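These protein sequence lines are chains W and S, in that order.
Following my numbering, the numbering of the first sequence begins with 1 at its first residue and continues without gaps.
Following my numbering, the numbering of the second sequence begins with 1001 at its first residue and continues without gaps.
Worksheet: the structure to be examined is printed underneath.
2 protein chains.
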Amino acid sequence: MTWSLERPIRVAVLGAGGLGRAACRLISAKRELQLTAICDSKSALASPEGLDSRSLGAGAGELGASRCDDPIGAVLGHAAWFDALLVTLPNMPNEFIPGVVGRAIDAAPGVVCVDVLKRTRAVELMYELEAGAKRTQSVVLTGCGATPGLLSAAAVLAAQSFIEVERVDIWWGVGIANWEAYKATIREDIAHLPGYTVERAKAMTDADVDALLERTNGLLELRHMEHADDVLLERVGVVQSQDQVEVGGVMDTRHPKKPVSTTMTLTGITLDGKRASHRFILGDDTTMAANVLGPALGYLKRGIWMKQHGLCGVFGSTEFLPMVVR
Amino acid sequence: MTWSLERPIRVAVLGAGGLGRAACRLISAKRELQLTAICDSKSALASPEGLDSRSLGAGAGELGASRCDDPIGAVLGHAAWFDALLVTLPNMPNEFIPGVVGRAIDAAPGVVCVDVLKRTRAVELMYELEAGAKRTQSVVLTGCGATPGLLSAAAVLAAQSFIEVERVDIWWGVGIANWEAYKATIREDIAHLPGYTVERAKAMTDADVDALLERTNGLLELRHMEHADDVLLERVGVVQSQDQVEVGGVMDTRHPKKPVSTTMTLTGITLDGKRASHRFILGDDTTMAANVLGPALGYLKRGIWMKQHGLCGVFGSTEFLPMVVR
């Protein structure tokens, strides 16, 4: 197989928070990609000639565009200007992004949609778009960030050496110097804390978040997270049951250094009856944004490849290798 | 995507040395696979109802079948009895397995062929089969063992976090209690030693190998190995140049414990300009056979999937995720 792009992939980014803006910078650095549309919750920007990521307004939620009532609709109205959609919107409630993607495949039939969803329930809802994706000849790739995404795909590789997989343990570390650049991401994580829900976390003011972090010295330690690595690994047969997958981690909201090294450990039994573990360990100097968005864009290119090869529908990050985007 | 097999994949194994026999045991343990043919250098066995791996003769090179002049031809003559070919023959000289696979796609058009080739030159020769594979609607998956294979696919994943990949370093450890069970594998490794060639290693008697190992206390340390991880990673754009990939390792021929942990380390630069390394580390208690043959069978199932989806040609292990074989 020697497959190469005939022209850059035109990408629309939905969501202009910390992740969305980092995605725009990464897209600018890739000659195979071109940013042609972006929106936040209040406004949208689009151009068939491409947008300069440096021209986007500097503040979170401030794109430097005039306000509109339906920014997502404004982007989807320019379906002829993009080949692929990268969804970096916060996903609260769980139904939100599946609803947006459902709308996208109707408004832009044939589109390639990639999300970096984290929650199991959200990814399950994405799979319900299968009939619509097939009908509209669209490709939906779901759970394509770091975890699920990079680490769950690594688990598929690791599983190959074993006759039976016992457990997949994902333990992540994230360090951010200033959580205010990732206001939505941090609320999605807080939603995993005991006593919190997606709704309660979403309703927190910045002062509420500050008060919570003051009590924890800036650290959030999360265990038994409802992360879609479980459903994605179950669907491809790496595990028989979702409770064989455990996701947790530590976020330091006051220092960019990771408090622990992000590690996927797969433990299984070999044909010889021995128990062993393969590990995939991310370098501490790679940021959460790099580990989420690099894979997302790699899957986006894979999605374009799939579309060109007539493969449509909803696919998880555990079903394909992402491609390298130059 | 929910794809499942309608019936077991019928597999022919070419080569009945240490790896070939271990492949038969692994195939027996998988309900999605059925062994229907096998050959060594002197004889062939085939049955449309399937072979019991326990009934294969116990000694290396002794299948318990009557001798024939062309055992590979005897297997290929029963093309209707298998869907896929796993090639575990020793590859000396480099042209040997590419020649066998070229013969297989002509004799069994539509077949899925998987090899566990190691040398760069051999994999380059496999890619020359592209036109023949497309013409015969066959799928050829090459370099699908541990390295290249499992570890080079892990490098494709690891590359996703970086804007530029500087190096891929693969350092493997293999421990075998008795090298005589892997007579061909060990000669392929000896061929990488300074002063040796594929031809010189192939010509060594067992006494020559013993004498060499006596001088090294049973250890073989190999550096700058000509391993096809380089061409496979260059083809998908993980590296720009093959000399960014370095493969080496240590084989202990007298102890089953690995002398070093097999590790793939990918070092790159992130969008933020930081240098970091992702690592994929295999559990010490997984054998060389498990790490070579598990991935090979996972790619074999992927090959059947590709065939069913109309994707024919020659593909490297860095282009797809292997599938989980139940």
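The beta-carbon is built from N, C-alpha and C at its ideal position, and this holds for glycine as well.
In this text, all values refer to a predicted model and were calculated from it rather than measured experimentally.
As assigned by DSSP and simplified to three states, the class of residue i
i, result
"V1140 (chain S)", "strand"
"S1277 (chain S)", "strand"
"P1315 (chain S)", "Rather than Pro, the amino acid found at residue 1315 (chain S) in this sequence is Phe. F1315 (chain S) falls in the strand class under three-state DSSP."
"R1167 (chain S)", "strand"
"E221 (chain W)", "strand"
"G1269 (chain S)", "Note that residue 1269 (chain S) is Ile in the sequence shown, not Gly. Strand, per DSSP."
"E49 (chain W)", "coil"
"D1252 (chain S)", "strand"
"M1126 (chain S)", "helix"
"S1043 (chain S)", "strand"
"D83 (chain W)", "coil"
"I176 (chain W)", "coil"
"M264 (chain W)", "strand"
"G110 (chain W)", "coil"
"V1156 (chain S)", "helix"
"V324 (chain W)", "coil"
"H1065 (chain S)", "Sequence inspection shows Ala at residue 1065 (chain S); the His mentioned does not correspond to that position. Coil at A1065 (chain S), not helix or strand."
"R1025 (chain S)", "helix"
"V239 (chain W)", "coil"
"R119 (chain W)", "coil"
"E1032 (chain S)", "coil"
"A146 (chain W)", "coil"
"L1089 (chain S)", "coil"
"R1010 (chain S)", "strand"
Cβ-based neighbour list, residue i, same chain, cut-off 7 Å, excluding 5 preceding and 5 following
i, result
"E130 (chain W)", "G313 and V314"
"D1052 (chain S)", "none"
"M225 (chain W)", "H192, V247 and G248"
"P1048 (chain S)", "T1036 and W1081"
"I1097 (chain S)", "V1087, L1089, N1091, D1115, L1117 and A1122"
"Y127 (chain W)", "V314"
"A1104 (chain S)", "L1076, L1085, V1111 and C1113"
"G1059 (chain S)", "Note that G1059 (chain S) scores 49 on pLDDT, short of 50, meaning its location in the model is unreliable; the coordinates nonetheless yield the value given after this. Closer than 7 Å at the Cβ level, and outside the excluded window around G1059 (chain S), lies no residue."
Buried or exposed (CB count within 10 angstroms, at least 16 for buried), residue i
i, result
"C68 (chain W)", "exposed"
"R135 (chain W)", "exposed"
"T205 (chain W)", "exposed"
"L76 (chain W)", "buried"
"P1071 (chain S)", "buried"
"H1227 (chain S)", "buried"
"N178 (chain W)", "exposed"
"V1011 (chain S)", "buried"
"D1210 (chain S)", "exposed"
"H255 (chain W)", "exposed"
"A1080 (chain S)", "exposed"
"V1325 (chain S)", "buried"
"G145 (chain W)", "buried"
"F320 (chain W)", "buried"
"G195 (chain W)", "exposed"
Residues near residue i in its chain [Cβ-Cβ closer than 8 Å; skip 5 each side]
i, result
"V156 (chain W)", "L233, V236, V238 and T318"
"L1045 (chain S)", "A1037, I1038, C1039, L1051, L1056, L1063, G1064 and A1065"
"D229 (chain W)", "G143, T147, P148, L151, S152, A155, V168, I170, V245 and V247"
"T1216 (chain S)", "none"
"T1120 (chain S)", "E1226, H1227, A1228, D1230, V1231 and Q1242"
"G102 (chain W)", "L129 and G132"
Residues that residue i contacts on chain C, provided the C-beta gap is smaller than 9 Å
i, result
"I1163 (chain S)", "In summary, chain C is missing from the structure at hand, where the protein chains are W and S."
Sequence-distant residues of its chain with Cβ nearer than 6 Å to residue i (five each side left out)
i, result
"K307 (chain W)", "V112 and V139"
"I281 (chain W)", "S261 and T263"
"P93 (chain W)", "V198"
"K257 (chain W)", "G175"
"A84 (chain W)", "I9, V11, V112 and L300"
"L19 (chain W)", "T88"
Any non-hydrogen atom of the ligand HEM within 6 Å of residue i CB
i, result
"P148 (chain W)", "Because no ligand of any kind appears in the structure shown, any question about the ligand HEM cannot be addressed here."
**Message:** Within 8 Å, do at least three Cβ pairs link the segment 127-141 of chain W to the segment 246-266 of chain W?
**Reply:** no
**Message:** Output needed in chain order: residues of the segment 92-103 of chain W with a Cβ under 8 Å from some Cβ in chain S.
**Reply:** none
**Message:** Under 7 Å, CB to CB, which of the residues in the segment 1117-1144 of chain S have a partner in chain W?
**Reply:** none
**Message:** So, does the segment 188-202 of chain W touch the segment 275-291 of chain W, judging by three or more C-beta pairs under 8 Å?
**Reply:** no
**Message:** Does the segment 1291-1304 of chain S come into contact with the segment 145-162 of chain W, if we say contact requires no fewer than three beta-carbon pairs (one atom in each stretch) closer than 8 Å?
**Reply:** yes
**Request:** Could you say if the segment 268-285 of chain W and the segment 199-214 of chain W meet the contact criterion of at least three C-beta pairs nearer than 8 Å?
**Result:** no
**Residues from the segment 1226-1254 of chain S in contact with chain W, defined by Cβ distance under 8 Å** = R1235, V1236, G1237 and V1238
**Asked** Which residues, in chain order, does the segment 1188-1206 of chain S contribute to contact with chain W at a C-beta distance below 8 Å?
**Response** Listed by position along the chain: nothing, the set is empty.
**Message:** Short of 9 Å Cβ to Cβ, which residues in the segment 276-287 of chain W face chain S?
**Reply:** A276, S277, H278, R279, F280, I281, L282, G283, D284, D285, T286 and T287
**Request:** Would you list, in chain order, the members of the segment 1300-1322 of chain S that have their beta-carbon closer than 9 Å to a beta-carbon of chain W?
**Result:** For the segment 1300-1322 of chain S, which is checked against every Cβ of chain W, the residues closer than 9 Å are H1309, G1310, L1311, G1313, V1314, F1315, G1316, T1318, E1319, F1320, L1321 and P1322.
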